[in-house]
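> Just passing along the structure, written as structure tokens.
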Amino acid sequence: MVFGRSSHRPRPVDPVTLKILVAGGFGVGKTTLVGAVSEIRPLRTEEMLSEAGRPVDDVDGVENKTTTTVAMDFGRITLREDLVLYVFGTPGQDRFWFLWDELAQGALGAVVLADTRRLADSFAAVDYFERRGIPFTVAVNCFEGADRFPGETVRAALDLDPEVPLVMCDARDRESVKEVLVSVVEHAMTRAARAREHAPT
Ligand SMILES: Nc1nc2c(ncn2[C@@H]2O[C@H](COP(=O)(O)OP(=O)(O)OP(=O)(O)O)[C@@H](O)[C@H]2O)c(=O)[nH]1
Ligand SMILES: [Mg+2]
12 MVFGRSSHRP RPVDPVTLKI LVAGGFGVGK TTLVGAVSEI RPLRTEEMLS EAGRPVDDVD
72 GVENKTTTTV AMDFGRITLR EDLVLYVFGT PGQDRFWFLW DELAQGALGA VVLADTRRLA
132 DSFAAVDYFE RRGIPFTVAV NCFEGADRFP GETVRAALDL DPEVPLVMCD ARDRESVKEV
192 LVSVVEHAMT RAARAREHAP T
């Protein structure tokens with residue numbers, strides 16, 4: 012009997028790992044989204060919202076919010092046996108913008124989470140990814156009590172290119188968040204394939 016590696020044994024696949032960013036305005040549910048979908052205990056960097064921060068922390072619409080992300084969220088999700096996503100949540104407040112360039116390095120794509128009560132808070136994230144050519148999906152986090160708008164209205168308000176996917180989601184729901192992530196991956200893959208087609212040979 013010969014011991015050793017059998018050529019017949021199915022080889023475990025090395026999964027492709029992709030980095031996805033989750034961005035959007037203050038309190039739209041980024042930390043919630045990463046926590047809902049992650050299969051590992053998510054890394055969080057939450058700090059208490061303080062009295063001192065009250066003049067600059069706009070909690071209108073998320074009055075029950077007691078903490079805010081000061082560096083990033085990190086989670087992992089296996090979408091398929093051969094496809095693993097590392098999901099990085101960004102801090103929502105303007106004063107942490109300096110961290111974004113670091114977080115965006117090597118990202119395949121992004122989610123811009125939006126709250127229809129405070130759509131303008133997500134403009135900056137849309138601009139950021141457009142300017143850097145990073146493919147993104149806009150996901151409207153449907154908070155209870157927030158008016159539901161047709162996708163076209165949100166699209167127009169955010170001035171999105173027609174190719175940018177827009178989906179409705181519940182950031183607390185794993186399956187809903189998975190659909191958002193699948194949308195980002197598909198969109199990024201389509202864009203990459205198109206770029207390859209048009210690349211000079
Ligand atoms: N009702 C409802 N509440 C939500 C939903 N998503 C998030 N929340 C709540 O909204 C608040 C904000 O959520 P976070 O996940 O901390 O938001 P964030 O975008 O990470 O906030 P920053 O990091 O401070 O920018 C929390 O109190 C959540 O429990 C949702 O879909 N529905
Ligand atoms: Mg957060």
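Per the numbering used here, the sequence shown runs over residues 12 to 212. In this text, a Cβ means the ideal position worked out from N, Cα and C, and glycines have one as well. As the structure is a prediction and not an experimental result, all values here were calculated from the model.
Cutting at 6 Å between CB atoms, please list the residues of its own chain near R202, excluding the five before and the five after it.
As a first step, residue 202 is located in the sequence shown; it is residue number 191 there, counting from the start. Correct list, in chain order: P146.
> Quick one: what does DSSP say A34 is sitting in, helix, strand or coil?
Within the sequence shown, the letter at position 23 stands for residue 34. Here A34 sits in strand by DSSP.
> Between the Cα of A150 and those of P102, A131, V195, A118, spot the shortest distance and give me the residue it belongs to.
Taking the sequence shown and counting its residues from 1, the one referred to as residue 150 is at position 139. Of P102, A131, V195, A118, the residue nearest in Cα terms is V195.
> Residues bridged to D84 by DSSP?
For the purposes of this step, residue 84 is taken as residue 73 along the sequence shown, with counting starting at 1. Paired residue(s): G100.
> What's the C-alpha gap between C153 and T212?
By one-based count along the sequence shown, residue 153 stands at place 142. By one-based count along the sequence shown, residue 212 stands at place 201. Taking the straight line joining both Cα atoms gives about 45 Å.
> Mapping the DSSP letters down to three states, classify E74 as helix, strand or coil.
The sequence position of residue 74 within the sequence shown is 63, counting from 1. Here E74 sits in coil by DSSP.
> Does the distance between the C-beta of F84 and the nearest non-hydrogen atom of ligand 2 fall short of 8 Å?
Here residue 84 corresponds to residue number 73 of the sequence shown, with the count starting at 1. Going by the sequence as given, residue 84 is Asp instead of Phe. At least one heavy atom of ligand 2 is nearer than 8 Å to the Cβ of D84, so yes.
> Beta carbon of K41: closer than 8 Å to some heavy atom of ligand 1?
Within the sequence shown, residue 41 is the residue found at index 30, counting from 1. Yes, the beta carbon of K41 sits closer than 8 Å to at least one heavy atom of ligand 1.
> Going straight from the alpha carbon of V191 to that of S61, what length do you get?
The residue labelled residue 191 in the question sits at position 180 within the sequence shown. The residue labelled residue 61 in the question sits at position 50 within the sequence shown. The alpha-carbon atoms of V191 and S61 are separated by roughly 32 Å.
> So, is F2 buried or exposed, given that buried needs 16 or more other C-beta atoms within 10 angstroms?
Only positions 12 to 212 of the chain appear in this structure, which leaves residue 2 out of reach.
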